[in-house]
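> Let me give you the structure first, and then I'll get to my questions.
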Amino acid sequence: MWFKFYSDKNVIITIYFMVKITRYCSFFRRFILVKKKLLDVLVDKIRFKHYSKSTEDTYRYWCKQYILYHDKKHPKDMGRREIEEYLTYLATQQNVAPTTQNQAFNAILFMYREVLGMDTQEWNIQSMRAKERKRVPVVLSIDEVKCVLTNITGVNGIIVSLLYGCGFRVKEALRLRIKDIDFEYNNIYVYDSKSMKDRVVPLPLKIREQLKEQVERVRILHQKDLSEGYGSVYMPYGLSKKYPNAHKEFKWQYLFPAKSISYDKREDIKRRHHIHEVNINRAIKKSVELCGIYKRVTTHTLRHSYATHLLQNGTDIRSIQELLGHKSVETTMIYTHVVKELNRDIIKSPLDF
28 MWFKFYSDKN
38 VIITIYFMVK
48 ITRYCSFFRR
58 FILVKKKLLD
68 VLVDKIRFKH
78 YSKSTEDTYR
88 YWCKQYILYH
98 DKKHPKDMGR
108 REIEEYLTYL
118 ATQQNVAPTT
128 QNQAFNAILF
138 MYREVLGMDT
148 QEWNIQSMRA
158 KERKRVPVVL
168 SIDEVKCVLT
178 NITGVNGIIV
188 SLLYGCGFRV
198 KEALRLRIKD
208 IDFEYNNIYV
218 YDSKSMKDRV
228 VPLPLKIREQ
238 LKEQVERVRI
248 LHQKDLSEGY
258 GSVYMPYGLS
268 KKYPNAHKEF
278 KWQYLFPAKS
288 ISYDKREDIK
298 RRHHIHEVNI
308 NRAIKKSVEL
318 CGIYKRVTTH
328 TLRHSYATHL
338 LQNGTDIRSI
348 QELLGHKSVE
358 TTMIYTHVVK
368 ELNRDIIKSP
378 LDF
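Counting from 28, one number per residue, gives the positions in the sequence shown under the numbering used here.
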């Protein structure tokens with residue numbers, strides 16, 4: 028809008044309206060520039076630090092429960108006493124395990140330190156941690172592993188074979204992409220692992236041909252998706268901006284894609300994700316029942332068995348540490364205790380004398 032100034036009166040009127048407009052703009056700006064909610068800021072901070080999606084969901088859940096427990100009181104108005112009260116509630120009323128209690132504690136501590144920027148050192152906060160039991164991992168024998176693998180066929184069978192044959196965490200196996208398999212050098216490259224440390228593991232030769240066939244199946248499926256207007260895959264760490272066309276390239280596709288297209292709400296796009304880990308858990312559970320094994324067997328049990336069998340076969344502990352991707356050798360040392368326990372058959376019970 029343009030104003031013509033013909034007299035001092037017109038100038039005064041013009042200034043008056045300009046002041047009014049400025050005030051109204053400031054008033055409406057309060058509603059336009061709405062601050063983000065605390066939990067949304069929490070999620071942004073987690074993604075900024077490149078934590079996994081499961082960590083994001085877990086931290087968001089525990090922080091929300093902590094706030095709801097205290098009648099939606101803002102965390103900045105609470106402190107050590109409220110944290111201790113909530114953790115006590117989890118232990119005494121909800122009967123959660125020490126690991127779950129510490130998980131909630133880590134989430135709340137992250138919110139105070141990283142999101143609210145509060146100094147918690149003077150709270151003596153570490154004293155609130157629950158003491159966790161050091162449990163000896165459940166390990167399957169080689170015969171038991173063979174039985175479990177025999178009963179699982181198809182794509183699930185390949186994935187379970189990788190869990191044992193490479194010592195993968197289940198998410199590491201499911202997130203493998205075509206480019207991560209090196210058939211020339213018989214290696215598999217693991218990126219974006221839990222320890223944030225890339226590593227290379229030997230490709231099990233027994234499933235080499237099955238993996239080649241799986242790659243061809245993915246190639247056919249990818250061509251079909253492209254013809255139907257899909258074919259996009261999730262790209263980590265903003266690589267989609269750096270390489271705009273990479274998300275539709277074959278080499279970036281998941282090695283174990285899901286059967287159907289799903290909606291990615293993060294990027295507002297329909298694309299094919301990888302197989303869900305629930306399918307693998309179900310397959311293992313069913314196979315264990317068929318084998319008549321009464322141990323508590325999970326996907327991680329195969330990783331434990333991988334490390335234990337390597338150690339029994341004479342592989343040194345440092346090499347096992349690198350193959351598993353452990354940050355500290357102390358974590359890997361637990362398997363030396365496992366082997367020690369398995370060798371206790373030399374010691375006989377007095378009942379058998």
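Built from N, CA and C at the ideal position, the CB exists for glycine as well.
All of these numbers come straight from a predicted model, not from anything done at the bench.
#1: Among Tyr261, Lys268 and Lys286, which residue has its Cα nearest to the Cα of Phe277?
#2: Hey, quick one: how far does the alpha helix (DSSP H) through Ser254 stretch, first residue to last?
#3: Assuming the contact rule is C-beta atoms closer than 8 angstroms, Tyr96 and Tyr116 should be a hit. Round their C-beta distance to whole Å, please.
#4: So within the segment 67 to 133, which uninterrupted alpha helix (DSSP H) runs reach at least 4 residues, ignoring any that extend past its ends?
#5: Over what stretch of residues does the alpha helix (DSSP H) that includes Ile296 continue unbroken?
#6: Starting from the C-beta of Ile59, find all residues in its chain whose C-beta is less than 8 angstroms away, skip the five residues before and the five after it, and write them out in chain order.
#7: Would you mind sorting Pro249 into buried or exposed? The rule is 16 or more other CB atoms within 10 Å of its CB.
#8: Can the beta-carbon of Val70 be found closer than 8 angstroms to that of Glu83?
#9: Rounded to whole angstroms, what is the Cα-Cα separation between Gln237 and Ile152?
#10: Let me know if His331 comes out buried or exposed under the rule of 16 or more other beta-carbons within 10 Å of its beta-carbon.
#11: Given this structure, state the Cα-to-Cα distance separating Val123 from Ala285, to the nearest angstrom.
#12: By Cβ distance below 6 angstroms, which residues in the same chain neighbour Tyr362 in space, the five residues on each side in sequence not counted?
#13: Contact defined as beta carbons within less than 8 angstroms: I believe Val245 pairs with Leu282. What is the distance between those atoms, to the nearest angstrom?
#14: So for Arg204, helix, strand or coil by DSSP?
#15: To the nearest angstrom, report how far apart Val172 and Pro102 are at their CA atoms.
#16: Going along the chain, which unbroken runs of the beta strand (DSSP E) with 3 or more residues stay wholly within the segment 157 to 227?
#17: Rounded to a whole number of angstroms, what is the C-alpha to C-alpha distance between Lys322 and Leu369?
#18: Per DSSP, which one or two residues make a beta bridge with His301?
#19: Assuming Val142 and Lys72 make a contact with CB atoms under 8 angstroms, what is their CB distance in whole Å?
#20: Could you give the DSSP three-state label for Thr363: helix, strand or coil?
#21: State the start and end residues of the unbroken beta strand (DSSP E) segment that holds Ser267.
#22: Quick check: Ile169 and Ser314, are their CB atoms within less than 8 angstroms of each other?
#23: Within a Cβ cutoff of 6 angstroms, which residues of the same chain sit near Tyr139, ignoring the five residues on either side of it in sequence?
#24: Does the beta-carbon of Glu199 have 16 or more other beta-carbons within 10 angstroms, so that it is buried, or is it exposed?
#25: Do you know offhand how far Lys91's Cα is from Ala131's?
Walking through what the data contain:
#1: Tyr261
#2: First-last of the alpha helix (DSSP H) with Ser254: Arg235 to Ser254.
#3: With a Cβ gap of about 7 angstroms, Tyr96 and Tyr116 count as contacting.
#4: 80 to 96 and 107 to 119
#5: Unbroken run through Ile296 is the beta strand (DSSP E), Ile296 to Arg298; no alpha helix (DSSP H).
#6: With a pLDDT of only 39 at Ile59, under the threshold of 50, the placement of this residue in the model should not be trusted; the figure read from the coordinates follows. For Ile59, there are no CB contacts under 8 angstroms within the same chain when 5 residues up- and downstream are skipped.
#7: The displayed chain sequence assigns His, not Pro, to residue 249. Flag for His249 reads buried.
#8: yes
#9: 51 angstroms
#10: Result: buried.
#11: 33 angstroms
#12: Ala334, Thr335 and Leu338
#13: 7 angstroms
#14: strand
#15: Distance between Val172 and Pro102, taken at the CA atoms: about 48 angstroms.
#16: Within the segment 157 to 227, complete beta strand (DSSP E) segments of at least 3 residues are found at 214 to 217, given in chain order.
#17: 15 angstroms
#18: Under DSSP, His301 shares a beta bridge with Pro284.
#19: That belief holds up - the Cβ atoms of Val142 and Lys72 are roughly 5 angstroms apart, short of 8 angstroms.
#20: Here Thr363 sits in helix by DSSP.
#21: Where Ser267 is concerned, there is no enclosing beta strand (DSSP E), although the alpha helix (DSSP H) it sits in stretches over Leu266 to Lys269.
#22: no
#23: Met145 and Thr147
#24: buried
#25: Put simply, the backbone Cα of Lys91 is about 10 angstroms away from that of Ala131.
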